[in-house]
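Chemist: 257 is the number that my numbering gives to position 203 of the sequence shown; each next residue is one higher, with no gaps. All C-beta atoms, glycine included, are put in the ideal place defined by N, C-alpha and C. First, the structure itself, so that you have it in front of you.
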Amino acid sequence: MILNYSIIPINNFDQKINRTIITIHGLFGNKHSLHYIAKILNKKLKYKIVEIDVRNHGSSPHNNNMDYILMAQDILDTLKYIGIKNKIIIIGHSMGGKIAMTMTKLIPNFIKKIIILDIAPVNYYFNNKNIFFILNKIHKLKIFTKVKAFEIMSFYIKKTHIIKFLLNSFSNGKWKFNLPILSNEYNTILNWKIIPSWLGEILFLKGEKSLYVNHIYYKKLFDQFPLAKIYNISAGHFLHIEKTNIVINKIFNFCLK
């Protein structure tokens, strides 16, 4: 499947240098979710950035299956379509991080480095179905403006940055993601199938206030990624929004090594 994407080119630099970073957003996000970080890294590192809408998100095609192997293959199909042939660096948040990790099974020698934002290679058993209730409520009430949607969502979600994140995928009274399919496939998104060990460089940026990279997951994490480095950031699951500059600096330094 060819996904929707945008490219931030390398400006005022030797265009023959073909260095590429891929950004992959999380559940309910889109290619713009990591855009601010992407712009800064583009300027500081002199890398071309490819920002991708995962299937059933943004302007990418819809499909009934959210299996990680299929989603990773979507990324590969898209990179082939674009003509990316050099080794890549991948940045993935949450679900996008799981897609990035799955790519090590499909193209282990095509990946230079990976940066994972607050997710681990494990099954999760969180009950976050309430978010689907809220998103469906906005849909059923036929809300057309972000202002009104924000007002209603604030009754259920107390963290403003999470509401703003969700509303980045709201336009003209519609969610840009395929809500019915994501609801049906939610358990698939939470699950994880163990993959072969990858001996590449991978950095896990962990939100200290988040449960997604709990120490109880470390054994499974290191079994699959023996060379992994974990860095704690005083933030929640959306650490790239809460502590943007720290996240950028950690990614920048990791990519330079």
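For the segment 85-156, list the alpha helix (DSSP H) runs that are entirely contained and at least 4 residues long, ordered along the chain.
Modeler: As far as the segment 85-156 is concerned, its whole alpha helix (DSSP H) runs of at least 4 residues are 89-99, 122-136.
Chemist: Once DSSP output is grouped into helix, strand and coil, what is the label at S60?
Modeler: Strand at S60.
Chemist: Looking at I76: is its Cβ nearer than 7 Å to the Cβ of I144?
Modeler: Against a cut-off of 7 Å, the Cβ pair of I144 and I76 comes out as a contact.
Chemist: Reducing DSSP to helix, strand and coil, say where T77 ends up.
Modeler: Note: T77 maps to strand in three-state DSSP.
Chemist: When you compare each of I249, K98, I56 to I305 by their alpha carbons, which one comes out closest?
Modeler: Measuring from the Cα of I305, the nearest candidate turns out to be K98.
Chemist: Output needed for I61: all residues of its chain with C-beta closer than 6 Å, excluding positions within five of it in sequence on either side, in chain order.
Modeler: Within the same chain, I61 has close Cβ partners V104.
Chemist: Cβ of L293 within 7 Å of Cβ of V301?
Modeler: Against a cut-off of 7 Å, the Cβ pair of V301 and L293 comes out as a contact.
Chemist: Assign D277 to buried or exposed, taking buried as 16 or more other Cβ atoms, counted over all protein chains shown, within 10 Å of its Cβ.
Modeler: It is exposed - the Cβ of D277 has fewer than 16 other Cβ atoms within 10 Å.
Chemist: Do K166 and K139 have their C-beta atoms closer together than 7 Å?
Modeler: No, they are not a contact pair.
Chemist: Please identify the residue among I216, K152, K230, L236 whose C-alpha is closest to the C-alpha of K85.
Modeler: If we check each option's Cα against that of K85, K230 comes out closest.
Chemist: Can you list, in chain order, the residues of its chain whose CB lies under 6 Å from that of S264, leaving out five sequence neighbours each side?
Modeler: Within the same chain, S264 has close Cβ partners D172, G290, H291.
Chemist: Suppose contacts are defined by Cβ-Cβ distances below 7 Å. Is A57 in contact with T156 by that definition?
Modeler: The question names Ala, but residue 57 is Leu in the sequence shown. Taking 7 Å as the Cβ cut-off, L57 and T156 do not qualify as a contacting pair.
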